[in-house]
Amino acid sequence: MNGSLPDPVRPDRLHVTGTRIEDLLRDFLARAGELLDAQEQMRGLLEAVVAVAEDLSLEAVLDRVVKSACRLLHARYGALGVIGENKSLSHFVTVGIDEDLARRIGPLPTGHGVLGLLISEPAPLRLHDLHQHPKSYGFPANHPPMKSFLGVPVRVRDVVFGNLYLTEKEGGGDFTPEDEDLAVALAAAAGVAIENARLYEDARRRASWLEACMDVTGRMLGDDRTSEPENVGLDQIADRALRESGSQLALILVPDGGVDSYCVAGAAGTESAHFAGNILPMDSAVIRSVAATGMPACMDEAGDILGLADGLSKGKLLAIDLSAQGAHHGLLFLVRAPGTGPFAKTDVEMGAVFGSHVALGLELDRIHRLREQLVVFSDRDRIARDLHDLVIQRLFAAGLSIQSLRRFTTGEPALTRINAVTAELDETIRDLRNTIYSLRSSGEQELLSSRILQTVRTATRSLPFAPHLTLTGAVDSVLDDGTVTNALAVISEGLSNAVRHSEAEAISVSVSVEDGMLTLIIEDDGRGFRDAVPGNGLVNMEQRASELRGSFEVTSAPTKGTTLVWSVPAH
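Here the sequence shown stands for residues -14 to 556, where the numbers follow the working numbering.
Set out below in structure tokens:
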């Protein structure tokens, strides 16, 4: 009826309702715990990402990645293996193993077993027990026990840079799928940080190489350079290349005149004393290609090129051409210690730039020395000419005047004195003639390139225009007196013919040393001839080439000019 009290709730229904509330409350607390755990994980991941990105040094970034992963995923041991060019681990960063233990364990892993599985199959891998996996390779002596395992690849611009390895989760449990997700996320952030660090390191290394290039150029073009012996200071330049490239040995080689033969003009680093001043044959096809194309080349074993039996024989070698203005000035060799990995792309590229600066410095140094010698030769010519045309003539006239005094005296003492003065003047004239001869012949001990310039200038002095002269290769390495004398004679005779007979408006002289041959080419745009005219020196040129086991060729046609090509072995 209306106003009556509701029926009382049965006790069993109250029990069921309370149980449901408790279940809901437990479920709520569990979900809240999960949310808190997720929040804690995300905070830990964020802290790890920030920590990884704090440094721009690649080595520091790698170390932070491993430490952050161990802290985030509660792993006792962690490592990051960098994959090298041959698909093995070229670098290994560890956390949890101190230096003493690492020394007792021995060499670092190179990518065998489970570690190699991640290299061949770059995907996340979780294991309950490392030893139970079919690819397990086992541990070396003194290695700490490891059971649970988590590995994820670290990618940089979609290319696998290396792998992150974590073992021995704290508490003895296994790594969970959530742990795997966190590791993958951290690896992705690590890839970005590693890329930034690599870009920064690349920019820093390039800047350092460019600074080295500027320093080398300034050193080689210093004002006091021409007062020093040629090629002096190349040891310091080799040392700079050594430091910039992280090498153990640096050699600067210059051609010594023989075919594929070089002299070590600069050396720095390990075993440099063994090479300094040595003559090294370079009959390797790779080295010949470097010299011919100007492109640097890397070789796996330095011993094959340098003849090393141990020490650096297994180290990587980088060969760099030293060429400028079409002239090959030598080679730069950089050798890494065995086990330190190949030369980075940056070192190869910037090493080639460094080599071009060294070559340009050598070329400009040669030109400056040549110019200084030409100044000296010009002064000697002027002094010799003045002595001959002025001083000797005056002394000769004075001697004649003194001899004429005989007519004005008959006294014996006076005649004796006149004879003595006359003899002294004659002796002075002979001394001056010897001095003049020495001034004019002193060039024979100078560089061949400077003597060629002198010869060309002398032979074409009567022309209303200057001939064009080109020197290519190690011209100054030709030292044989017979070869030098004949070459200068051919240049003089060839130019003399062109000046007297060709009626040319342009004459060019090219002298080159390539592939062990000294080649002279004299061209004019004159009237030419159909047949060689006897008596114009062509027979002499051909005979000179024959005596030196060379060749001589004349090409000419009426109104088309004449070309002489004289080639002999360079000694």
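Note that the Cβ used here is the ideal one computed from N, Cα and C, for glycine as well.
According to DSSP, residues forming a beta bridge with residue i
{"i": "A383", "result": "The partner list for A383 (beta bridge, DSSP) is empty, contrary to what the question assumes."}
{"i": "I492", "result": "D509"}
{"i": "E499", "result": "M502"}
{"i": "S447", "result": "In DSSP, S447 forms no bridge with anything."}
{"i": "G66", "result": "F77 and N148"}
{"i": "Y247", "result": "P240 and L265"}
{"i": "L167", "result": "Answer is none; L167 lacks a bridge partner."}
{"i": "R111", "result": "L135"}
{"i": "G254", "result": "L234"}
{"i": "A60", "result": "K154"}
Extent of the continuous beta strand (DSSP E) to which residue i belongs
{"i": "A459", "result": "Here A459 belongs to no beta strand (DSSP E), and DSSP marks it neither H nor E."}
{"i": "M502", "result": "M502 to D509"}
{"i": "P554", "result": "G546 to P554"}
{"i": "A309", "result": "L302 to A309"}
{"i": "G136", "result": "F134 to V141"}
{"i": "A277", "result": "Careful: A277 lies outside any beta strand (DSSP E), inside the alpha helix (DSSP H) at A270 to T278."}
{"i": "F537", "result": "S536 to A542"}
{"i": "A282", "result": "A282 to M284"}
N-terminal and C-terminal residue of the alpha helix (DSSP H) that residue i is part of
{"i": "N525", "result": "L523 to E532"}
{"i": "F160", "result": "Taken as a continuous stretch (DSSP letters only), F160 belongs to no alpha helix (DSSP H), as it is neither H nor E."}
{"i": "H313", "result": "Counting along the chain, H313 falls outside any alpha helix (DSSP H), though it belongs to the beta strand (DSSP E) covering A312 to V320."}
{"i": "M335", "result": "K330 to D371"}
{"i": "R391", "result": "Element bounds for R391: n/a, residue is neither H nor E."}
{"i": "I290", "result": "G288 to L291"}
{"i": "G101", "result": "G98 to S105"}
{"i": "F260", "result": "S257 to F260"}
{"i": "I90", "result": "E84 to I90"}
{"i": "G218", "result": "That residue, G218, is in no alpha helix (DSSP H); it is neither H nor E in DSSP."}
{"i": "D295", "result": "D295 -> no alpha helix (DSSP H), and no H or E assigned at all."}
{"i": "V475", "result": "D466 to N482"}
Integer-rounded CB distance, given that residue j should sit under 8 angstroms from residue i
{"i": "W194", "j": "M335", "result": "4 angstroms"}
{"i": "A197", "j": "A223", "result": "Contact doesn't hold; Cβ gap of about 12 angstroms is too wide."}
{"i": "M502", "j": "S552", "result": "5 angstroms"}
{"i": "L345", "j": "A309", "result": "4 angstroms"}
{"i": "G315", "j": "I237", "result": "6 angstroms"}
{"i": "K301", "j": "F328", "result": "6 angstroms"}
{"i": "I90", "j": "N127", "result": "5 angstroms"}
{"i": "L110", "j": "L103", "result": "6 angstroms"}
{"i": "R273", "j": "D245", "result": "7 angstroms"}
{"i": "E348", "j": "A304", "result": "20 angstroms between Cβ atoms; not a contact."}
{"i": "A54", "j": "L184", "result": "With a Cβ gap of about 23 angstroms, A54 and L184 do not count as contacting."}
{"i": "T325", "j": "D187", "result": "So it is not a contact: roughly 18 angstroms between Cβ atoms."}
Spatial neighbours of residue i in its chain, beta-carbon cut-off 7 angstroms, leaving aside the 5 residues before and after
{"i": "E429", "result": "Its pLDDT being 46, under 50, E429 is placed unreliably by the model, and the measurement read from it follows with that caveat. Within the same chain, E429 has no close Cβ partners at all."}
{"i": "D465", "result": "H556"}
{"i": "A399", "result": "none"}
{"i": "P266", "result": "D245 and S246"}
{"i": "S427", "result": "Residue confidence for S427 is low, a pLDDT of 49 falling below 50, so the modelled location carries little weight; the figure read from the coordinates is stated next. Here the set comprises R365."}
{"i": "E538", "result": "V550"}
{"i": "R142", "result": "E180"}
Same chain, Cβ closer than 6 angstroms to residue i, five either side skipped, listed in chain order
{"i": "A235", "result": "A223, A226, L227, A253, G254 and L319"}
{"i": "V333", "result": "P281"}
{"i": "A250", "result": "N216, L219, I237 and V239"}
{"i": "L454", "result": "V441 and V494"}
{"i": "A459", "result": "P240 and V498"}
{"i": "L41", "result": "A182 and Y185"}
{"i": "A337", "result": "P281 and I305"}
Cβ-heavy atom distance, residue i to the ligand COA, below 6 angstroms
{"i": "R367", "result": "With respect to the ligand COA, the structure shown offers nothing to examine, as it has no ligands at all."}
Neighbourhood of residue i by C-beta distance below 8 angstroms, restricted to the same chain and skipping five residues each side
{"i": "A23", "result": "With a pLDDT of only 49 at A23, under the threshold of 50, the placement of this residue in the model should not be trusted, and no figure is reported."}
{"i": "A451", "result": "T445"}
{"i": "T95", "result": "S73 and L74"}
{"i": "P543", "result": "R512, G513, F514 and R515"}
{"i": "S269", "result": "D289 and I290"}
{"i": "L293", "result": "E256 and A287"}
{"i": "M131", "result": "Y62, L115, F124, T152 and E153"}
{"i": "S435", "result": "L355, Q358, L359, F362 and G428"}
| message | Quick check: the stretch 182 to 194 against the stretch 288 to 302, are at least 3 beta-carbon pairs closer than 8 angstroms? | response | Verdict: no, contact absent.
| request: Specify whether the stretch 132 to 151 and the stretch 58 to 74 touch according to this definition: at least 3 beta carbon pairs, one from each stretch, less than 8 angstroms apart. | output: Verdict: yes, contact present.
| message | With three or more beta-carbon pairs closer than 8 angstroms as the criterion, would you say the stretch 437 to 444 touches the stretch 471 to 481? | response | A contact exists between the stretch 437 to 444 and the stretch 471 to 481.
| task | Check whether the stretch 503 to 511 touches the stretch 537 to 549, counting contact only when three or more Cβ pairs, one atom from each stretch, lie closer than 8 angstroms. | result | Because the criterion of three Cβ pairs below 8 angstroms is met, the stretch 503 to 511 and the stretch 537 to 549 touch.
| Is it true that the stretch 45 to 60 meets the stretch 174 to 193, where meeting means three or more beta-carbon pairs spaced less than 8 angstroms apart? | Yes: the two stretches touch, three or more of their Cβ pairs being nearer than 8 angstroms.
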